[in-house]
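Participant: Protein chains in written order, with our numbering: chain L, 375 to 505; chain G, 375 to 505.
There are 2 protein chains.
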Amino acid sequence: MNIPFWIDTVRFDEKGLVTAVVQDAGDGTVLMVAHMNREALVETLQTRRGVYWSRSRNRLWRKGEESGNVQEVVDIFLDCDLDSVLLKVRQVGGAACHTGHRSCFFTAVAGEGLEVRGKPVFDPAKVYKKK
Amino acid sequence: MNIPFWIDTVRFDEKGLVTAVVQDAGDGTVLMVAHMNREALVETLQTRRGVYWSRSRNRLWRKGEESGNVQEVVDIFLDCDLDSVLLKVRQVGGAACHTGHRSCFFTAVAGEGLEVRGKPVFDPAKVYKKK
Numbered sequence: 375m376n377i378p379f380w381i382d383t384v385r386f387d388e389k390g391l392v393t394a395v396v397q398d399a400g401d402g403t404v405l406m407v408a409h410m411n412r413e414a415l416v417e418t419l420q421t422r423r424g425v426y427w428s429r430s431r432n433r434l435w436r437k438g439e440e441s442g443n444v445q446e447v448v449d450i451f452l453d454c455d456l457d458s459v460l461l462k463v464r465q466v467g468g469a470a471c472h473t474g475h476r477s478c479f480f481t482a483v484a485g486e487g488l489e490v491r492g493k494p495v496f497d498p499a500k501v502y503k504k505k
Numbered sequence: 375m376n377i378p379f380w381i382d383t384v385r386f387d388e389k390g391l392v393t394a395v396v397q398d399a400g401d402g403t404v405l406m407v408a409h410m411n412r413e414a415l416v417e418t419l420q421t422r423r424g425v426y427w428s429r430s431r432n433r434l435w436r437k438g439e440e441s442g443n444v445q446e447v448v449d450i451f452l453d454c455d456l457d458s459v460l461l462k463v464r465q466v467g468g469a470a471c472h473t474g475h476r477s478c479f480f481t482a483v484a485g486e487g488l489e490v491r492g493k494p495v496f497d498p499a500k501v502y503k504k505k
């Protein structure tokens, strides 16, 4: 796939990033929020896998590169002001969160406190190799 | 409702903002992405309506303040690194996007191009008053 003509209409911010919302293509669960620079977006388009820009590691982040839990991209949407991307994906391994939870959004507001919803799908210590 | 103890654990960025993903509480459609400062998050918690920080207008944005199409908040989640919020809402009026589309994510990647998916739910010219 060539780099599409519309890539230069995407409104990357002053750090060169757009917000990426990642949603399960099956049941619609919002799995995570990440960021993409132009390179990550192009590689996502070309490989049909979720590729992001890691702000903490300051490098391209091919989701699943360590755990094998890649995201197979089913559909990609841009929002009305062209500064956010929505990916509908199939999450290999069942969980998108590094904690082993299916979704990164497992902490719910409950009254004046917070509560964890659901249980981890995998044990992070087994999925992420020690370095 | 008091300001909850956990508000100071939220990791607002250098502009004082977190990303807010807004999802339909019924069918899981991702409706929009917006941003919240501390004040917007507290007001959302207290009023159970979607309140954001408008970066373009540089002021608090009570969604629906002009159109009447408010967002009734059903559930609020924080993500694992405490810098994104997920709101599950009932969208009054049926559409979250200022274009009249139900979701701001109505532009899909299709081959090397883009295509609009779905039709507007309302006519923006009738919903937003001229000023």
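All C-beta atoms in this analysis are idealised placements derived from N, C-alpha and C, irrespective of residue type, glycine included.
On a predicted model such as this, the values are computed, not experimentally measured, just so you know.
1) What is the residue span of the beta strand (DSSP E) that Leu-419(G) lies within?
2) With 9 Å as the threshold, decide whether the Cβ of Gln-465(G) is near any Cβ in chain L.
3) If you follow the beta strand (DSSP E) that Val-490(G) is part of, which residue opens it and which one closes it?
4) For Lys-505(L), which residues of its own chain have a beta-carbon under 6 Å away from its beta-carbon, when the five flanking residues on both sides are left out?
5) Which chain L residues are close to Met-410(G), counting only those with a beta carbon under 9 Å from its beta carbon?
6) Could you list the residues in the stretch 418 to 431 of chain L with a C-beta less than 9 Å from some C-beta on chain G, going in chain order?
7) Give me, in chain order, the residues of the same chain whose beta-carbon lies closer than 7 Å to that of Phe-479(L); leave out the 5 immediate sequence neighbours on both sides.
8) Grab me the residues of Gln-397(G)'s own chain with a C-beta within less than 6 Å of its C-beta, minus the 5 sequence neighbours each way, in chain order.
9) Answer yes or no: does any C-beta atom of chain L fall closer than 9 Å to that of Arg-491(G)?
10) According to DSSP, is Lys-462(G) helix, strand or coil?
11) Determine the contact status of Val-459(G) and Glu-446(G), defining contact as a CB-CB distance below 9 Å.
12) Would you call the CB atoms of Val-501(G) and His-475(G) closer than 9 Å?
13) Taking CB distances under 9 Å as the criterion, tell me whether Pro-494(G) reaches chain L.
14) Hey, how far is the Cα of Asp-387(G) from the Cα of Cys-454(L)?
15) For the alpha helix (DSSP H) that Ala-499(L) lies in, which residues bound it at each end?
16) Using CA atoms only, rank isn't needed, just tell me which of Val-483(L), Asn-432(L), Phe-451(L) and Ala-470(L) is closest to Leu-452(G).
Facilitator: From the atom records:
1) Run containing Leu-419(G): none in the beta strand (DSSP E); it sits in the alpha helix (DSSP H), 412 to 421.
2) No, Gln-465(G) lies away from the interface with chain L (no Cβ there is under 9 Å from its Cβ).
3) First-last of the beta strand (DSSP E) with Val-490(G): 487 to 490.
4) Low local confidence applies: a pLDDT of 48 at Lys-505(L) is under 50, so the model's placement there is unreliable, and no value is given.
5) Neighbours of Met-410(G) on chain L: none; closest Cβ ~13 Å, over 9 Å.
6) Flagged, chain order: Leu-419 and Ser-430.
7) Val-404
8) Val-404 and Lys-462
9) Interface residue, yes.
10) strand
11) no
12) no
13) So no, Pro-494(G) is outside the interface.
14) 24 Å
15) 498 to 501
16) Val-483(L)
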